[in-house]
Amino acid sequence: MHKNYSKYYTEFERPPFAPTFYPTEEEFADPISYVAKIKPEAEKYGVIKVKPPTSFRPPFAIDSEKFNFTPRIQKLNQIDALIRARLIFDAQLASYWHMQGYTLEVPTVDNKYVDFYSLYKVVMETGGADTVSAQKRWSYITKKLGFKQQRTNKIKTLYFKWIDVFQKLINQNGDDEENKNGGCSSTTNGAESGQAEHGRRHIPQPRTKSMAGLRLHAKEKKTKTSDPMDEVVCKKCGKGDDEERLLLCEDCDYALHTQCCSPALSNVPRFEWRCHRCLLASIKEIAESYAFHDAHTSYNLLTFAKYANDWKQNHFHKNPLEVPCEEVEQEYWKDVIDLENTVVVKYGADLAVSKVGSGFPMNGYDFGGKMDPKEREHYANHPWNLNNLPILKDSVLSHMETGISGMMVPWVYVGMCLSAFCWHTEDHWTYSVNYLHWGERKIWYGVSGDEGEKFDKVMMELVPYLFERQPDVLHHMTTTINPKILINKGIHVYTVHQEPGEFVITFPRSYHAGYNEGLNFAEAVNFAPADWLRKGRLCILEYARVHRNCVFSHEELMVKMAKCATKLSVNVGVAVHEELYEIIIREKHLREIITSKGITESARVEYEHIPDDFRSCVICKTTLFMSSLTCKHKRLVCLMHADLICSVCHTTNLTFNYRYTVQELNYMCDMLTYGICDYPTWRAKLLSVINTKNNDVKPTVEDLRILINVSKARHFPQCDATIEAMNIIKRSENIMQTARALMNRRIRTRNSLRKHANEYPADIKDIEKLEQSIEELPCTILNLEFNVKNYMKRIGDWRKRCSQFLMDAVDCIDRYDHYIDLANKLIEEADDFNMLDKCRWLQCAQKVLAWVPKYKSASKSGNQNTVELDQTKGRWKLRELAELIGKGRSIADNDVKFQTEIDALDVMLKTGYQNEYVAQTFLRDKRNEGTGMEEAEKLLATFEVSDWMTEEYTDKFRSEHKLARNVYDTVQRLKKNENYTLKSLSDLLFKIGKSFILRNSIIHSDMKRIHDCIQYFCRYIGQMFVPSASYYNIVEILNGRDDLTELIEGVATPLILVDPLSFCDNWTYIENFESVEQLTHHVDSLYEQQRRLIITLRKLNEVRSIGEMCLCSGTKDMDNSVICCLLCHAKFH
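If you read the sequence shown in UniProt numbering, its first letter stands for residue 1, the second for the next number, and so on.
So this is what it looks like as structure tokens:
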């Protein structure tokens, strides 16, 4: 560490305190409003403290003995950024050469160790190895490291031998020639294959913030797809000979000869060998959780309290409560840079409330804490209960459909002295609130969100190596730095000392860090008022820059809120409108760029039904919702990275995917505008709409519907304008119904056979009246006016050609056959006008596109050409959908609406075939047997987009899932009630044995174990009542001994082995009792009587000689072979 910085650690100076806020009872009743009130003053500190009114005393709702957790182990001298960069570099360099089959030994020059990290750092600061060599500055590098100039060649050789090849590997993205994907560009990475192949995905990493080292899954080795060695060939030379020197990667199927490696290997490595891509991934993993890992011991609160207090007492050599706070703070910053002595602490961090329980009372949950029922109910519903805060009315997160662990579902933290949380911001830059339930203080350091960008730049300047290797390093909560260094760099840092019963609030994008002074228990969660929305959108852009996964889609959240505009408060509605407007403007711009690139293929995709891991941009990791691009290799990117999607695919092979059209997005924005207005504004808008002048653009009927819906939702009083608007809507609906009826009839022709039964042919005058009615409406009906005018134009053109045909045909009798053909064509063309087939086709298409799982019976049509629903399940077969698409193409006639529907159906058909293949693969692969409910639920979620489909393997999987779900729910009920019977378990095991999903799963083994235990117990109990040669039967044992009085009097009563009573006789005396309680009371009274007798007997036996007690009456010689009864203390030879 630089000498200028070390003094800040050895002589720590505390930053200034952030303010403490004291809300009144009235202010405390509404957390969201109170935070908005103090925000102008508090936000500049980044982190502040709120001291609740004295009446707020929530009981601790957890039983300390039942609260079990596994803490995280932290090594304090490996978390500081200035030291951590060096340690990670050394660890990665050593790991790289270890996996290459070499042992890295630090060399010496002139009896002085060569510091590889310092050598690397100086070379990088000078411009890199190539620049140093080109400018011949190796002598400068040597001098900078403190070596003589004569050692220049030695230093240069060491760099190129040990560091340069490692540096080049780290800087590449795994796109070397040995790992290129033949079908896609070199930018293709594992994310693509993860999305394309079922069953070959890596375990998705948690998207929420969490300290490194928490429950990291062991890396799964890739299943070898082929066993025969003759199929394995070197990827560089293309040969499969010299098998003894052909290396096969431990994590994938990649193979190389030792001589084809770079650098070439002289021998086959003794250790596991990995290809460059897997090697790179393995090395980069080191930085993610360095110095953090899970402990191997689990604790409850009592055992951890003993461990934590003993540790603090041993570390400071005094009573834990007598250690001054200043001494703890000074010790923490000294330990952080003490490389000689590693201080190891444990921290129970990121423990989800849903698994371990909440410190606050919760409705429907009992975590074992003892409290008054009224008190429990009061605090369970309190707005400052962290389980309620994220989903309060004006919190944006309340519109999320599922709770996100750590953001919407609180996490609890069990700290000990010096356990730390490193510098970080909250997920999506949301607010956070932390409540300290009990224990010693928690120390916080905070930086304002306005200085967040400056904080990033300062950290990049101080430790560029960490950011080069891991751009999102500050999101992993693994790196800290002394606040004084930040202050000297021009950043304002403040501190907060949190006492038990106090809240700490952090503001959007504020960096914060800290440590615990001793044993304590805290709970934290995120929340997001309306003012967070803009910060959330900017956070997504920052996440894209550092390639960090999103926790949720910001765009999807905005759309969800826009769809329930009438339920939003004015404050939230205005904020959502502003954000949605910005999103739409950006989306329009990006779509214009895509169009200019010549991409013509498009498809509508319902992203909300696709898991986040399967709709992330492979470049920036952003969760996609509004739009995306895919190539023929199924590579998915956002519109910002259209140029990086694939170097092989032409623009004609790219598909533009969208969730909503621009018109639909504008409609949402307009709907939101109406939804946030007050009554006078609403009434003025309604009057302006219905009083449109002739020369003005007419409003649409949808505009009127929106305004009426807003009136109903906001409970506005009814006025004349409301009645008039409703009448206009009713007229519009009648006209649309008339139009459908007319368009479905056939026009008059001379062939009466073309008229359907019970149908009256349409007349031209009817169509003309319809057109006039539409023109007289004070509003427009989207597409109807255009369709009717186009219809009338076609009929007019047809009538002209018919008149011309009649004039020509009269004078050309000799060409009768020719004109008969022309007449038939004209009649067929007339049939096309009625659009009946098109309407029926659109009706069928809408049934599929607007599919709901609950079957709604539809009336059958008489047209046999119409594809019908599968009557058994109300779903469609793939063949039927393909026929529907084929028929749609035959009658489309370049109709834009038809083509849009056909494209959407085509996407559904492709998805259906894919999901049927996935289901088939899953059910046929024996390795998937016993995969468990969690994996089955994930797979079922991917099938939701194909819920309209009925096929063999998809239906079979649905049946398997239904069976597994029923069995799983039965298991959970049994576990909850803890009421097992041998028969219920036997029946359950029989059902599990029939389930492909649960057979041989963890649940199966658990139930089998419980069944075996109960079966053994029953067998054991049965043996207790089976007649056997014994001194006592079970009834005599239950009734106790009846010879205690004789023993007290000194009468020895030798026991004689007697024949037992019959099985029925064992129960003779028990039958005399009328209830179990009566029997229990009798046995308890006997035990109490015998207890007193045993005490008396014990005292007498302690003074008696062995001759008085042993059955031999003392005839044997005294020796060491004497035993003493543990119960009555009688002695026997």
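Idealized CB from N, CA, C, for every residue including glycine.
Original post:
In or out: D227 buried (at least 16 other Cβ within 10 Å) or exposed?
Top reply: Sequence index remark: in the sequence shown, residue 227 carries index 227 (1-based). Bear in mind that a pLDDT of 48 at D227, under 50, signals an unreliable position, so the model cannot answer this.
Original post:
For K535, which residues of its own chain have a beta-carbon under 7 Å away from its beta-carbon, when the five flanking residues on both sides are left out?
Top reply: Counted from its first residue, the sequence shown places residue 535 at position 535. Counting only residues of its own chain and dropping the five nearest sequence neighbours on each side, K535 has a CB closer than 7 Å to the CB of W429, P508, R509.
Original post:
Thinking just about the alpha-carbon of each residue, which of V232, C278, T931, L279 is nearest to the one in L256?
Top reply: By 1-based counting over the sequence shown, the position of residue 256 is 256. Measuring from the Cα of L256, the nearest candidate turns out to be V232.
Original post:
Under 7 Å, do L436 and Q498 count as touching if we go by C-beta distance?
Top reply: The residue labelled residue 436 in the question sits at position 436 within the sequence shown. The residue labelled residue 498 in the question sits at position 498 within the sequence shown. For L436 and Q498, yes; Cβs fall inside 7 Å.
**OP:** Can you tell me which of the three DSSP states L629 falls into?
**Re:** On the sequence shown, residue 629 is found 629 positions in, with the first residue counted as 1. The answer is strand: DSSP assigns L629 an E or B state.
Subject >> 6 Å CB neighbourhood of K484 in its chain, flanking five on each side removed >> reply: Here residue 484 corresponds to residue number 484 of the sequence shown, with the count starting at 1. For K484, where only same-chain residues beyond five positions count, the Cβ hits under 6 Å are Y8, E13.
Original post:
Using 7 Å as the limit for Cβ to Cβ distance, is V918 near chain C?
Top reply: Included in the structure is just one protein chain, with no chain C present.
Original post:
Considering W438, what are the terminal residues of the beta strand (DSSP E) in which it resides?
Top reply: As a first step, residue 438 must be located in the sequence shown, where it is residue number 438. Going by DSSP, W438 is part of the beta strand (DSSP E) stretching over 431-439.
Original post:
Using the beta-carbon count (16 or more within 10 Å), is W311 buried or exposed?
Top reply: Translated into the one-based positions of the sequence shown, residue 311 becomes position 311. Here W311 is buried: its Cβ has 16 or more other Cβ atoms, across all protein chains shown, within 10 Å.
Original post:
Quick one, which of A562, D703, P269, L654 has its alpha-carbon nearest I599's?
Top reply: Along the sequence shown, one-based indexing puts residue 599 at 599. Taking I599 as reference, the option from A562, D703, P269, L654 with the minimal CA-CA separation is L654.
Subject >> Y159 and L119 closer than 7 Å at C-beta >> reply: Here the question's residue 159 lines up with position 159 in the sequence shown. Here the question's residue 119 lines up with position 119 in the sequence shown. Contact: yes.
Subject >> For H257, three-class secondary structure by DSSP >> reply: For the purposes of this step, residue 257 is taken as residue 257 along the sequence shown, with counting starting at 1. Assigned with DSSP and collapsed to three states, H257 falls in strand.
Original post:
Over what stretch of residues does the beta strand (DSSP E) that includes I47 continue unbroken?
Top reply: As a first step, residue 47 is located in the sequence shown; it is residue number 47 there, counting from the start. Inspection of the sequence shows that residue 47 is occupied by Val rather than by Ile. V47: member of the beta strand (DSSP E) spanning 47-50, first to last residue.
Original post:
Which term fits E178, buried or exposed, when burial requires 16 or more other beta carbons within 10 angstroms of its beta carbon?
Top reply: Indexing the sequence shown from 1 puts residue 178 at position 178. With a pLDDT of only 39 at E178, under the threshold of 50, the placement of this residue in the model should not be trusted; the figure read from the coordinates follows. Buried: at least 16 other Cβ atoms inside 10 Å.
Subject >> DSSP three-state assignment for T108, whether helix, strand or coil >> reply: Looking up residue 108 in the sequence shown gives position 108. Residue state, collapsed to three classes: strand.
**OP:** Check the DSSP bridge columns for D955 and list the partner residues they point to.
**Re:** Walking along the sequence shown from the start, residue 955 turns up at place 955. For D955, which the question treats as bridged, DSSP gives no partner whatsoever.
**OP:** Please go through the same chain and pick out, in chain order, the residues whose beta-carbon is closer than 6 Å to the beta-carbon of Q313, but skip the five residues on each side of it.
**Re:** In the sequence shown, residue 313 corresponds to position 313, counting from 1. Around Q313: P320.
Original post:
Per DSSP, what kind of secondary structure is D80 in: helix, strand or coil?
Top reply: On the sequence shown, residue 80 is found 80 positions in, with the first residue counted as 1. Strand at D80.
Subject >> Nonlocal neighbours in the same chain, by C-beta distance under 8 Å from A721, ignoring five residues either side >> reply: The residue labelled residue 721 in the question sits at position 721 within the sequence shown. Closer than 8 Å at the Cβ level, and outside the excluded window around A721, lie R683, L686, L687, I690.
**OP:** Mind the definition here: the stretch 330-339 touches the stretch 70-82 only if three or more C-beta pairs lie below 8 Å; say whether that holds.
**Re:** Yes, they touch.
**OP:** Tell me where the alpha helix (DSSP H) around D294 begins and ends.
**Re:** Position 294 of the sequence shown holds residue 294. No alpha helix (DSSP H) holds D294; the beta strand (DSSP E) holding it covers 292-294.
**OP:** Evaluate S628 with the Cβ neighbour count: other Cβ atoms within 10 Å of its Cβ, from every protein chain shown; 16 or more gives buried, anything less gives exposed.
**Re:** Along the sequence shown, one-based indexing puts residue 628 at 628. By the 10 Å Cβ count, S628 comes out buried.
Original post:
Which word fits I885, buried or exposed, when buried means at least 16 other C-beta atoms lie within 10 angstroms of its C-beta?
Top reply: Position 885 of the sequence shown, counting from 1, holds the residue named residue 885. I885 sits buried, since 16 or more C-beta atoms from the chains shown fall within 10 Å of its C-beta.
**OP:** Would you kindly work out how many angstroms separate the C-alpha atoms of D30 and N387, rounded to a whole number?
**Re:** By 1-based counting over the sequence shown, the position of residue 30 is 30. By 1-based counting over the sequence shown, the position of residue 387 is 387. The alpha-carbon atoms of D30 and N387 are separated by roughly 15 Å.
**OP:** Give me the Cβ distance between L985 and H1011, rounded to the nearest whole Å; I'm assuming they're in contact under 8 Å.
**Re:** The residue given as residue 985 occupies position 985 in the sequence shown. The residue given as residue 1011 occupies position 1011 in the sequence shown. That pair is a contact at about 4 Å.
**OP:** May I ask which residues mark the beginning and end of the alpha helix (DSSP H) holding residue 1209?
**Re:** Given that the chain is displayed from residue 1 to residue 1133, the structure contains no residue 1209 and the question cannot be resolved.
**OP:** Please check the pair K346 and P71, which I expect to be a contact at CB under 8 Å, by giving their CB distance rounded to whole angstroms.
**Re:** Counting from one through the sequence shown, the residue named residue 346 turns up at place 346. Counting from one through the sequence shown, the residue named residue 71 turns up at place 71. Indeed, because the Cβ distance is near 4 Å, the residues count as touching under 8 Å.
Subject >> Other residues of its chain near S95: CB distance less than 8 Å, five sequence neighbours each side excluded >> reply: Position 95 of the sequence shown holds residue 95. Only S282, I283, I286 meet the Cβ criterion.
Subject >> Ranges of the beta strand (DSSP E) found wholly within the stretch 565-617, counting only runs of at least 3 >> reply: 601-604, all fully within the stretch 565-617.
**OP:** Enumerate in chain order the residues of its own chain whose CB-to-CB distance from N341 is below 7 Å, with the five nearest sequence positions on each side excluded.
**Re:** As a working mapping, residue 341 is identified with position 341 in the sequence shown. Cβ neighbours of N341 within its own chain (closer than 7 Å, five residues either side excluded): none.
Subject >> The beta strand (DSSP E) enclosing C422, as first and last residue numbers >> reply: Position 422 of the sequence shown, counting from 1, holds the residue named residue 422. 420-424 is the span of the beta strand (DSSP E), which, as asked, contains C422.
Subject >> Own chain partners of C539 with C-beta closer than 6 Å, once the 5 adjacent residues on each side are dropped >> reply: Walking along the sequence shown from the start, residue 539 turns up at place 539. Residues H428, W429 of the same chain have their beta carbon placed closer than 6 Å to that of C539, with the five preceding and five following residues left out of the count.
Subject >> Straight-line gap, R1091 to D1084 (C-alpha atoms, nearest Å) >> reply: Start at 1 with the first residue of the sequence shown, and residue 1091 comes out as number 1091. Start at 1 with the first residue of the sequence shown, and residue 1084 comes out as number 1084. Cα-Cα distance, rounded: 10 Å.
Subject >> Pair within 7 Å by beta-carbon distance, V546 and D472 >> reply: The residue labelled residue 546 in the question sits at position 546 within the sequence shown. The residue labelled residue 472 in the question sits at position 472 within the sequence shown. Going by C-beta atoms, V546 is nearer than 7 Å to D472.
Original post:
Can you tell me whether DSSP reads H497 as helix, strand or coil?
Top reply: Position 497 of the sequence shown, counting from 1, holds the residue named residue 497. DSSP, read as helix, strand or coil, puts H497 in strand.
Subject >> Segment contact, 8 Å Cβ cut-off, at least three pairs: the stretch 256-275 with the stretch 231-248 >> reply: The count of Cβ pairs closer than 8 Å, one atom from the stretch 256-275 and one from the stretch 231-248, reaches three, so the stretches are in contact.
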